[in-house]
Amino acid sequence: MNYKEIYNKSIENPEDFWKEQANQLEWYKNPSIILSKDEKEYPLWFADGEINACYLALDKHIQDGFGENIAIIYDSPVTQTVKKFTYNEVKTEVAKLAGGLLSLGLKKGNTAVIYMPMIPQAAFAMLACARIGVTHSVVFGGFAPHELAIRIDDCKPKVILTASSGIEVDRLIAYKPLVDEAIELAEHKPKKVVVLNRKLGARIPFKKYDVDYDALVYGSEETPCVPVEASHPLYVLYTSGTTGKPKGIVRDTGGYATALNYSMQYIYGVKPDEIFWAASDVGWVVGHSFIVYGPLINRNTTILFEGKPIKTPDASTFWRVIAEHKVNVMFTAPTAIRAIKKEDPNGEFIKQYDLSSLRTQFLAGERCDIATLEWYQQHIPIPAIDHWWQTESGWPMIANMMGVEFLPIKPGSAGKAVTGYNIQIFNEKGEELGPNEEGYVVIKLPLPPGTMLDLWKDNARFKSGYLNKFPGYYFSGDGGFKDQDDYIFITGRVDDVINVAGHRLSTAEMEEIVSSHHAVAECAVIGINDELKGQIPLALVVTKSGENMEHFQLQQEVVQLVRQQIGAVASLRDVITVQRLPKTRSGKILRKLMRSIVDGENFQIPSTIDDEEIVNELITNFSTTKIGSFK
Numbered sequence: 001m002n003y004k005e006i007y008n009k010s011i012e013n014p015e016d017f018w019k020e021q022a023n024q025l026e027w028y029k030n031p032s033i034i035l036s037k038d039e040k041e042y043p044l045w046f047a048d049g050e051i052n053a054c055y056l057a058l059d060k061h062i063q064d065g066f067g068e069n070i071a072i073i074y075d076s077p078v079t080q081t082v083k084k085f086t087y088n089e090v091k092t093e094v095a096k097l098a099g100g101l102l103s104l105g106l107k108k109g110n111t112a113v114i115y116m117p118m119i120p121q122a123a124f125a126m127l128a129c130a131r132i133g134v135t136h137s138v139v140f141g142g143f144a145p146h147e148l149a150i151r152i153d154d155c156k157p158k159v160i161l162t163a164s165s166g167i168e169v170d171r172l173i174a175y176k177p178l179v180d181e182a183i184e185l186a187e188h189k190p191k192k193v194v195v196l197n198r199k200l201g202a203r204i205p206f207k208k209y210d211v212d213y214d215a216l217v218y219g220s221e222e223t224p225c226v227p228v229e230a231s232h233p234l235y236v237l238y239t240s241g242t243t244g245k246p247k248g249i250v251r252d253t254g255g256y257a258t259a260l261n262y263s264m265q266y267i268y269g270v271k272p273d274e275i276f277w278a279a280s281d282v283g284w285v286v287g288h289s290f291i292v293y294g295p296l297i298n299r300n301t302t303i304l305f306e307g308k309p310i311k312t313p314d315a316s317t318f319w320r321v322i323a324e325h326k327v328n329v330m331f332t333a334p335t336a337i338r339a340i341k342k343e344d345p346n347g348e349f350i351k352q353y354d355l356s357s358l359r360t361q362f363l364a365g366e367r368c369d370i371a372t373l374e375w376y377q378q379h380i381p382i383p384a385i386d387h388w389w390q391t392e393s394g395w396p397m398i399a400n401m402m403g404v405e406f407l408p409i410k411p412g413s414a415g416k417a418v419t420g421y422n423i424q425i426f427n428e429k430g431e432e433l434g435p436n437e438e439g440y441v442v443i444k445l446p447l448p449p450g451t452m453l454d455l456w457k458d459n460a461r462f463k464s465g466y467l468n469k470f471p472g473y474y475f476s477g478d479g480g481f482k483d484q485d486d487y488i489f490i491t492g493r494v495d496d497v498i499n500v501a502g503h504r505l506s507t508a509e510m511e512e513i514v515s516s517h518h519a520v521a522e523c524a525v526i527g528i529n530d531e532l533k534g535q536i537p538l539a540l541v542v543t544k545s546g547e548n549m550e551h552f553q554l555q556q557e558v559v560q561l562v563r564q565q566i567g568a569v570a571s572l573r574d575v576i577t578v579q580r581l582p583k584t585r586s587g588k589i590l591r592k593l594m595r596s597i598v599d600g601e602n603f604q605i606p607s608t609i610d611d612e613e614i615v616n617e618l619i620t621n622f623s624t625t626k627i628g629s630f631k
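The sequence shown begins at 1 in UniProt numbering and counts up one residue at a time.
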């Protein structure tokens with residue numbers, strides 16, 4: 001089947017299409033009800049099926065004779081460690097850890113929080129929870145105690161699993177004191193804290209509720225998988241909300257396993273036994289879907305990387321990992337590529353490594369600008385695929401489906417709608433727009449399997465945030481347009497559209513133009529308040545290493561570029577050079593935070609920020625340039 005045929009089949013006959021995909025998995029009880037509705041009238045997949053995600057990821061492959069295949073490669077430049085684990089080895093540790101969790105009183109239907117760095121035990125903990133029907137909630141290791149406490153109070157875990165420390169580029173972060181402080185702050189008190197001592201020198205204050213990870217594992221018997229309903233919550237993953245209160249995205253088990261198995265084969269085009277690397281973190285949805293569950297269910301070797309694209313030790317680390325482990329398909333954020341491009345603009349490190357194993361590069365997390373895409377393809381001439389999805393969807397919604405048919409790449413577009421997603425562009429009134437008309441990106445219900453079930457204990461917020469704006473449709477919160485060939489262009493969150501003297505302008509389009517300047521490594525364009533025009537754009541740029549252009553010349557050339565391609569209506573006059581842009585740990589640029597700082601509004605530093613110190617740098621920078629509220 002070509003893309004058009006398989007896509008149309010998925011939209012016209014979704015029940016037949018997804019029944020066929022579900023049949024690729026081994027169920028304890030095959031579902032006879034493919035598509036129904038839950039008690040809240042929301043679409044539900046495989047309601048009467050029974051399954052276990054850990055069984056599919058580990059036990060199934062061992063039973064099929066692949067136990068000695070490599071399941072996980074742990075590569076940690078920060079500890080200078082590389083370790084490989086077979087499916088047999090992973091299953092033994094996971095099954096014993098699951099037995100240990102049972103001995104602590106956990107059972108099917110309970111919750112556990114996992115607060116760990118990028119180490120194998122983080123994946124083992126996730127799989128051990130899945131094995132016994134415990135819903136896990138992974139909180140990014142190193143999150144502040146206040147933020148961890150909020151999540152503890154929301155999902156009420158019986159147990160927290162943590163490690164002694166995480167390692168940043170230049171320092172050790174002791175996790176246990178942060179966990180203890182979070183428990184002090186939280187109203188809900190977990191019964192036990194399981195602590196893995198990494199023996200790296202971090203302080204581990206002992207509390208009565210502490211349990212040693214190694215002692216728990218080695219003192220326990222292996223426990224078998226527990227069958228769970230397809231709709232059983234595999235995990236709750238918190239994503240930032242506009243109210244400041246994080247949203248707990250609830251993921252099912254059966255639909256998710258079906259969608260991940262499908263996406264590994266048909267979106268990423270990865271065959272069993274190939275090497276897949278998602279350079280992300282288990283604290284994010286990418287880590288859940290494409291470091292742990294997706295690759296393991298598809299019997300791929302997955303790489304678990306503890307490091308950064310630069311400074312661990314330098315901008316060559318990605319290419320070293322690809323060459324050393326013979327990676328076939330990779331996934332990372334455009335931010336990572338931009339960071340490498342800034343440090344190594346001429347791609348000198350790339351020339352030092354044999355990257356012939358690498359077939360496809362996928363990019364997601366932040367919209368990929370054309371300049372970054374072109375730089376990548378100039379130095380590594382393979383398909384570099386920008387694609388789009390959300391924590392809420394759990395797997396890609398727009399992509400170039402490499403396992404179906406490779407379609408021509410259109411720079412700036414995330415590709416075409418993925419099978420199962422009926423994506424439309426609406427105006428404010430809920431009317432569908434024509435080609436090249438920008439509006440709201442919405443998806444007609446039912447969403448395909450694997451997408452969010454609900455918000456944890458907050459169905460009213462789920463409906464108001466995603467379903468009520470356009471009844472019968474999921475509202476993505478993003479703006480975009482389709483061209484005449486049905487390629488979809490995501491222009492950013494709807495609040496990233498600015499209104500300049502009555503003209504609605506996309507900051508994403510302006511960023512595309514600014515980033516095309518030869519001196520710019522990465523940039524952000526934000527709309528700031530202006531008495532005369534309502535809003536005007538402000539460009540913040542990070543220049544490439546070794547670039548010595550005078551600021552006034554850079555500003556003049558960037559302003560001229562925008563004027564040439566958008567027109568004087570854009571009103572871009574100010575360009576500020578900064579050392580860094582504030583980002584979340586997953587690589588998203590915090591434009592709203594920068595707008596609030598410039599406009600002199602009260603702002604809250606998001607819990608997801610990668611480095612809080614950058615906020616002080618920005619305030620100092622803005623005050624010296626006399627822009628916005630600092631005039």
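Ideal placement from N, C-alpha and C gives every residue a C-beta, glycine not left out.
If you drop the 5 nearest sequence neighbours on each side, which residues of the same chain put their C-beta closer than 8 Å to that of VAL169? By the criterion of a C-beta distance shorter than 8 Å, VAL169 is surrounded in its chain by VAL78, LYS308, LYS311 and THR312, once the five residues flanking it on both sides are discounted.
Mapping DSSP to helix, strand and coil, what is ARG595? Helix, per DSSP.
Please state whether DSSP places ASN88 in a helix, a strand or coil. In this structure, ASN88 counts as helix in the three-state DSSP scheme.
From the DSSP output, in three-state form, read off ASN616 for me. Under the three-state reduction of DSSP output, ASN616 falls in the helix class.
Can you check which of these residues, ALA333, ASP38 and ASN23, is closest to SER32 by C-alpha distance? Closest option to SER32, judged by alpha-carbon separation, among ALA333, ASP38 and ASN23: ASN23.
Counting along the chain, where does the alpha helix (DSSP H) carrying ALA71 start and finish? For ALA71, no alpha helix (DSSP H) segment is defined; the enclosing uninterrupted segment is the beta strand (DSSP E) at 70-76.
Would you report the Cα separation of GLU12 and ASN422, rounded to the nearest angstrom? Rounded to the nearest angstrom, the two C-alpha atoms are 10 Å apart.
By Cβ distance below 8 Å, which residues in the same chain neighbour PRO246 in space, the five residues on each side in sequence not counted? The answer, listed in chain order, is GLU147, ILE150, ARG151, ASP154, TYR238, THR239, SER240 and SER607.
Could I get the ranges of all uninterrupted beta strand (DSSP E) runs contained in the segment 187-211, with 3 residues as the minimum, in chain order? The DSSP assignment places complete beta strand (DSSP E) segments of no fewer than 3 residues inside the segment 187-211 at 192-196, in order along the chain.
Between the Cα of THR625 and the Cα atoms of PRO582, ILE614, ASP574 and SER586, which residue gives the shortest distance? In terms of Cα proximity to THR625, the closest of PRO582, ILE614, ASP574 and SER586 is ASP574.
Could you check whether the segment 119-139 touches the segment 220-227, counting it as contact only if at least three pairs of C-beta atoms, one from each stretch, sit closer than 8 Å? Cβ pair count under 8 Å is three or more, so yes.
Can you say whether SER413 is buried or exposed, counting buried as having 16 or more other CB atoms within 10 angstroms of its CB? Classification for SER413: buried.
Within 8 Å, do at least three Cβ pairs link the segment 444-460 to the segment 27-43? These segments touch.
Let's see if you can read the secondary structure: which residues bound the beta strand (DSSP E) around ARG493? Annotation for ARG493: the continuous beta strand (DSSP E) segment containing it runs 488-493.
Using 8 Å as the Cβ pair cut-off and three pairs as the minimum, do the segment 326-342 and the segment 85-103 touch? No: the two stretches stay apart, fewer than three of their Cβ pairs being nearer than 8 Å.
CA-to-CA distance, GLY99 to ARG591, given in whole angstroms: Each residue's alpha carbon lies about 45 Å from the other.
At what residue ranges does the UniProt domain "AMP-binding enzyme C-terminal" (509-588) contain a whole run of the beta strand (DSSP E), taking only runs of 3 or more? The qualifying runs are 520-530, 534-543 and 574-577.
Would DSSP call THR391 helix, strand or coil? Looking at THR391 - three-state DSSP - the assignment turns out to be coil, as it is neither helix nor strand.
At 4 residues or longer, what runs of the alpha helix (DSSP H) sit wholly inside the segment 265-310? Runs found: 294-297.
What are the boundary residues of the alpha helix (DSSP H) that THR317 is part of? For THR317, the uninterrupted alpha helix (DSSP H) run begins and ends at 317-325, by DSSP.
Where do the N-terminal and C-terminal ends of the alpha helix (DSSP H) with TRP18 fall, by residue? Segment 14-22, the alpha helix (DSSP H) holding TRP18.
Between ASP344 and ALA315, what straight-line distance do the alpha-carbon atoms span, to the nearest angstrom? Taking the straight line joining both Cα atoms gives about 7 Å.
Output the boundary residues of the alpha helix (DSSP H) element that contains ASP214. Unbroken alpha helix (DSSP H) run through ASP214: 213-218.
Counting only runs that start and end within the segment 348-395, where is the beta strand (DSSP E) found for 3 or more residues in a row? Correct list: 360-363 and 384-386.
May I ask you to report which of helix, strand or coil DSSP gives MET330? In the structure shown, the three-state DSSP call for MET330 is strand.
Check this for me: beta carbons of SER571 and LYS533, under 8 Å apart or not? By the CB criterion at 8 Å, SER571 and LYS533 fall inside the cutoff.
Residue nearest to LYS199 in terms of C-alpha spacing, selected from LYS208, TYR175, ALA182 and ALA186: If we check each option's Cα against that of LYS199, TYR175 comes out closest.
Have a look at VAL442, TYR262 and GLN121 and flag the residue whose alpha-carbon is nearest the alpha-carbon of LYS271. Checked all of VAL442, TYR262 and GLN121; the closest Cα to LYS271 is TYR262.
Contacting residues, own chain, Cβ-Cβ under 7 Å from VAL159 (five flanking each side not counted): Beyond the five residues adjoining it in sequence on each side, VAL159 comes within less than 7 Å, by CB distance, of LEU101, LEU104, LEU106, ALA112, PRO190, LYS191, LYS192 and VAL194 in the same chain, given in chain order.
Who pairs with PRO43 in a beta bridge, going by DSSP? Answer by DSSP bridge pairing, in chain order: LYS37.
Taking the alpha helix (DSSP H) that LYS60 falls in, what are its first and last residues? Annotation: the continuous alpha helix (DSSP H) that includes LYS60 extends over 60-63.
Mind checking PHE17: buried by the 16 CB within 10 Å criterion, or exposed? The residue is buried, with at least 16 neighbouring Cβ atoms inside 10 Å.
Just tell me which of SER476, VAL250, SER516 and GLY420 has its CA closest to the CA of PHE426. PHE426 has its Cα closest to that of SER476, out of SER476, VAL250, SER516 and GLY420.
Within 10 angstroms of its Cβ, does ILE275 collect 16 or more other Cβ (buried), or is it exposed? Residue environment: ILE275 is assigned as buried (16 or more neighbouring CB atoms within 10 Å of its CB, all protein chains considered).
Does the Cβ of GLY567 have 16 or more other Cβ atoms within 10 Å, making it buried, or fewer, making it exposed? Looking at its Cβ environment, which holds fewer than 16 other Cβ atoms inside 10 Å, GLY567 is exposed.
To the nearest angstrom, how far is it from the Cα of LYS631 to the Cα of ASP530? Low confidence applies to LYS631: its pLDDT is 46, below 50, so where it sits in the model is not reliable, and the reading given next is rough at best. Between LYS631 and ASP530, the C-alpha separation is close to 11 Å.
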